[in-house]
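Throughout the sequence shown, residue numbering follows the working numbering, covering 82 to 174 in sequence.
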Amino acid sequence: MHMASPASDNNAAPRMSDVPDARVEYAGYTILVYAIQNEQGVWLPRVTVLKGAERIEMPQLTQAWRGWLTRGEAVRDGLEQAHLLLSGDRHQP
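Following this line, the structure appears as structure tokens:
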């Protein structure tokens, strides 16, 4: 199966791997989570959602947020974000 590649930007840092840290099928969607480590050493989730071959644009829930200490925590957070958005259980602050 061919997966959509993350957008490429030569000035962007940090960069995502082409291989996701997690891939989950949920309610007809494919959730791909990439954990990236920023310049401060903090792990951040980046979520891509596919419906068949179509990439679905998903808002990031953690924009004003500090990140995680481990790759695993970032992956779990990314999966939770996608699940909440796809299931309609997103709670507004």
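Idealized CB from N, CA, C, for every residue including glycine.
So, using beta-carbon positions, are residue i and residue j closer together than 8 Å?
i	j	result
residue 123	residue 147	yes
residue 128	residue 159	yes
What three-state label does DSSP hand residue i in the structure shown?
i	result
residue 162	helix
residue 140	coil
Across which residues does DSSP place residue i in a beta bridge pair?
i	result
residue 103	114
residue 123	Paired residue(s): none; residue 123 is not in a bridge.
residue 135	132
Using a Cβ-Cβ cutoff of less than 8 Å, which residues in the same chain neighbour residue i once the five nearest sequence positions on both sides are dropped?
i	result
residue 107	163, 164, 167
residue 140	166
residue 137	110, 130, 131
Residues in the same chain with beta-carbon distance under 6 Å from residue i, minus the five sequence neighbours each way, listed in chain order, please.
i	result
residue 104	113
residue 131	111
Is residue i near the ligand GTP, with its Cβ less than 7 Å from a heavy atom?
i	result
residue 151	With respect to the ligand GTP, the structure shown offers nothing to examine, as it has no ligands at all.
Examine chain D for any beta-carbon lying closer than 8 Å to the beta-carbon of residue i, and answer yes or no.
i	result
residue 155	Judged by its chain identifiers, the structure shown contains no chain D, having just a single protein chain.
Note down, in chain order, each residue of its chain lying with its Cβ closer than 7 Å to the Cβ of residue i, except the 5 sequence neighbours on either side.
i	result
residue 58	With the chain running from 82 to 174 in the structure shown, residue 58 is simply not present.
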